[in-house]
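One structure is given below, encoded as structure tokens.
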Amino acid sequence: MNYTRTLTLLTVTGILLTGSYSLCMEAEQVVSVMPTDGQTSLIEQEVWGLLEGHTGSVTSVAFSPDSATVLTGSADTTARLWNVKTGKVLQVFKGHAQRVTSVAYSPDRTTVLTGSVDYTACLWSTVTGEELYLLEGHENNVTTVAFSPDGALALTGSNDKTARLWEVSTGKELKVLHHDDGIMSVAFNPNGTTVLTGSLDKTVRLWDITTGQETKRFTAPIRAVSTLSFSPEGNTVLIGSSEETGLWDITTEEELHLLPQEDGIMSAVFSPDGTLLLTGSSDATACLWEIATGKQLRFLQDYNGHTKSIISGAFSPDGNTIVTGSLDKTARVWTLEKGYQEDSLSTTDNTDSNNKDKTSKETPTLSFTQAINLDDDSQKECSIQ
1154 MNYTRTLTLL TVTGILLTGS YSLCMEAEQV VSVMPTDGQT SLIEQEVWGL
1204 LEGHTGSVTS VAFSPDSATV LTGSADTTAR LWNVKTGKVL QVFKGHAQRV
1254 TSVAYSPDRT TVLTGSVDYT ACLWSTVTGE ELYLLEGHEN NVTTVAFSPD
1304 GALALTGSND KTARLWEVST GKELKVLHHD DGIMSVAFNP NGTTVLTGSL
1354 DKTVRLWDIT TGQETKRFTA PIRAVSTLSF SPEGNTVLIG SSEETGLWDI
1404 TTEEELHLLP QEDGIMSAVF SPDGTLLLTG SSDATACLWE IATGKQLRFL
1454 QDYNGHTKSI ISGAFSPDGN TIVTGSLDKT ARVWTLEKGY QEDSLSTTDN
1504 TDSNNKDKTS KETPTLSFTQ AINLDDDSQK ECSIQ
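Position one of the sequence shown corresponds to residue 1154 (the numbering used here), numbered consecutively onward.
As structure tokens, then:
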């Protein structure tokens, strides 16, 4: 039986916008996938399926570059690779001794990267599921990981106050970048020549990856930097924390917009075209923002889906599907259907309803179509209705 519901992201701490899909994780061990159309009126979506199988909280999620698969990391010490359309588990990456904290997908889809509380990061083959290289050197939890745009380098950040650059083809450590406190977020710029690191020391630092030298430093009036993201063109950077989140010009170091918030934004990322920002907040909401003005465009809301908080999410690269992950041990796949729904929109003009074909905005409709239970290892594939 299908039913319509409004999507509300609860306690969102991780959001990744990569185009036409959004992937979000709730505070349960689940992940959900929901297609989107890139419209600022995004509010409802259709559930494709529930990706379920982790026995611990889903801590991190990432789409493959072709949007066909999604990678999840969990407190159960594993990472899993899923087929987005069918819900089938393609690979289970086992090897970490403790919680997986962060995951990333290589641009060529052949490799995934995981970071863990066990002080290590691992490179894995997506084809065989085997560990390619164990990246050892950190002296505390690995909190964040990323691939360079060309896939040649891996970047890891840790509570040991360092970020480290690694050669993907050999697993060799290339550079060590130092902060004065634990590093919580890292990001490559779009052309892969520099990296940003955000730390509990209240600074964001820009580094040249060839020399390993610090080239810029942003000191924000916040307690700790929890999220970083480059805009697609590389000129703007988002710096976020539990206290405030702002957009900065990377060249002039000028703050462009401060995003108003009553509760801390825990995660934020740019849309592929650089016009929108998706944020997850500690007040149990996710929001879409307009980059050019800093204006809040839309709340994403949910009240009848995951049974515990969403803790991460992402849009797929082609922008058609959303995946959400949660502490309820499941992943959910959502699809988007557009339609005119004036009652659900807030507008500033009083245009006559007879002209709604010219003035109404398209709003997605959310229908829950399938809940997929994968706790039983014999049930690896869901049927999408």
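Glycine included, each C-beta is placed from N, C-alpha and C at the ideal position.
Out of D1261, L1204, A1445, F1216, the CA that lies nearest to the CA of T1239 is found in L1204. CA-to-CA, the gap between G1335 and D1354 works out to about 7 Å.
Our two residues, A1421 and L1308, have alpha carbons roughly 19 Å apart in a direct line. Going by beta carbons, S1379 and G1399 fall outside the 8 Å limit. Closest in C-alpha terms to D1303, from the list T1315, L1285, E1320, comes E1320. In the structure shown, the three-state DSSP call for G1310 is strand. Excluding the 5 residues flanking it on each side, D1333 has same chain C-beta neighbours closer than 8 Å at K1314, S1352, D1354, T1356, in chain order. Between the alpha carbons of T1404 and G1209 lies a distance of about 42 Å. Cα atoms of E1289 and S1269: separation of roughly 11 Å, rounded to the nearest angstrom. Here the alpha carbon of G1324 sits roughly 14 Å from the alpha carbon of H1291.
Take the alpha-carbon of K1241 and the one of T1372: they are about 45 Å apart. If you look at I1392, you'll find it in the beta strand (DSSP E) that goes 1389–1393.
A straight-line Cα-Cα distance of about 25 Å links P1413 and L1359.
Bounds of the beta strand (DSSP E) holding D1361 are 1356–1361. If you look at N1236, you'll find it in the beta strand (DSSP E) that goes 1232–1236. Counting C-beta pairs with one atom in each stretch, the region 1213–1223 and the region 1252–1264 have three or more that are closer than 8 Å, which means they touch.
Bounds of any beta strand (DSSP E) do not take in R1252, whose DSSP letter is neither H nor E. Taking all protein chains shown into account, D1229 has 16 or more neighbouring C-beta atoms within 10 Å of its C-beta and is therefore buried. Per DSSP, the beta bridge partners of A1299 are L1308. By the neighbour-count definition (other C-beta atoms within 10 Å, threshold 16), Q1366 is an exposed residue. In the three-state DSSP reduction, V1280 falls in the coil class, being neither helix nor strand. In the three-state DSSP reduction, I1336 falls in the strand class (E or B). The distance from the Cβ of S1278 to that of T1264 is about 7 Å, consistent with a contact at the 8 Å cut-off. When secondary structure is reduced to three states using DSSP, D1271 falls in the coil class, being assigned neither helix nor strand. In chain order, W1442 place their CB closer than 8 Å to the CB of K1448, counting only its own chain and leaving out the 5 sequence neighbours on each side. In chain order, H1291, E1292, N1293, N1294, V1295 place their CB closer than 7 Å to the CB of Y1272, counting only its own chain and leaving out the 5 sequence neighbours on each side. Across the structure, S1311 and H1207 are spaced so that their CA atoms are roughly 24 Å apart. E1406 has its alpha-carbon roughly 42 Å from the corresponding atom of V1245. From the listed residues L1411, V1339, L1243, V1253, the smallest Cα separation to T1222 is found for L1243. Take the alpha-carbon of A1232 and the one of N1344: they are about 28 Å apart. Here the C-alpha atom of V1298 lies approximately 12 Å from the C-alpha atom of V1348.
Proximity to G1226 across H1331, T1212, V1280, S1338 peaks at T1212, based on C-alpha coordinates. Annotation for T1428: E1443, I1444, A1445 place their beta carbon closer than 8 Å to its own, counting only its chain and skipping 5 residues before and after. Per DSSP, reduced to three states, the secondary structure at A1316 is strand. Of all alpha-carbon atoms in T1254, H1249, N1342, the one lying nearest the alpha-carbon of T1389 is that of N1342. Look at V1378 here: in three-state DSSP terms it is coil, with no helix or strand label.
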